[in-house]
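Chemist: First the structure, then my questions, so here it is.
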Amino acid sequence: MITEKEGAEKTLEQFKTILGKEGLVTKNMARVKGRFDVLKNKMPGQDEIPTLMERLIEFTKQRNIKMTAITMEEGSIKGFYKEIPYKIQITGEFWDTLDFIEYAQNLLRLVSFENLILQGQSDSESDATNAQAVVGSLNTTLTAKTFSFLENSDDRSAQKTILPKSTPASKKTSH
């Protein structure tokens, strides 16, 4: 009987300790929810993605960057968000290319970059592809991923890939 009583008292103390941490758990939960909401608000809605792509295309025109292709690749659903990758190919000077990457990151939406390939363009390539190309131009290929929050993500978590494989979103060239 005494051991059972000591065991019960020990269990009671453990429960009291756990209950004492309730405020800390609530505070941590609120902090995590706040960070989640900030990230959620940075994710573009499905209807915003074409506008984001148009803004990127317009930026290339302003910076004398030639966008040779922008292709939507296969995307996937991951829990509460959809990953939407675009393969982008541009040609431009080094600093203009860096400006493009910085601009894309600062669109106030979540964008990540993968598979960045920078290749120097030879003189013969410059002459053949674009009379206006500057010696020292770079051919840049990268995958830009944006993420879209899925409302009712509990209902959609069982679904898998829904984007078509390698469908051209648009193809633009500058003058």
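Here the sequence shown is numbered in the working numbering, starting from 14 and rising by one per residue. Yeah, the Cβ is synthetic: ideal placement off N, Cα and C, and Gly gets one too.
Which partner residues of Asn41 appear in the DSSP bridge assignment?
Modeler: The sequence position of residue 41 within the sequence shown is 28, counting from 1. None, per the DSSP bridge assignment.
Chemist: Need the endpoints of the alpha helix (DSSP H) that Leu25 sits in, please.
Modeler: Numbered from its first residue, the sequence shown carries residue 25 at position 12. Looking at the DSSP string, the run of the alpha helix (DSSP H) that includes Leu25 is 15-33.
Chemist: Please tell me whether Phe162 and Tyr94 are closer than 7 Å, where the distance is taken between their beta carbons.
Modeler: For the purposes of this step, residue 162 is identified with residue 149 of the sequence shown, where counting begins at 1. For the purposes of this step, residue 94 is identified with residue 81 of the sequence shown, where counting begins at 1. Against a cut-off of 7 Å, the Cβ pair of Tyr94 and Phe162 comes out as a contact.
Chemist: Taking CB distances under 7 Å as the criterion, tell me whether Ile114 reaches chain B.
Modeler: Looking for chain B here will not work: only one protein chain is present.
Chemist: Among Thr39, Leu129, Val51, which one has its Cα closest to the Cα of Lys100?
Modeler: Here residue 100 refers to the residue found at position 87 of the sequence shown. The candidate whose alpha carbon is nearest that of Lys100 is Leu129.
Chemist: Could you please give me the residues that DSSP links to Met66 through a beta bridge?
Modeler: Position 53 of the sequence shown, counting from 1, holds the residue named residue 66. DSSP output for Met66 lists no bridge partner at all.
Chemist: Below 6 Å, is the gap between the Cβ of Leu69 and the nearest heavy atom of the ligand GDP?
Modeler: Inclusion of the ligand GDP in the displayed structure is not the case, the ligand content being empty and no account of it being possible.
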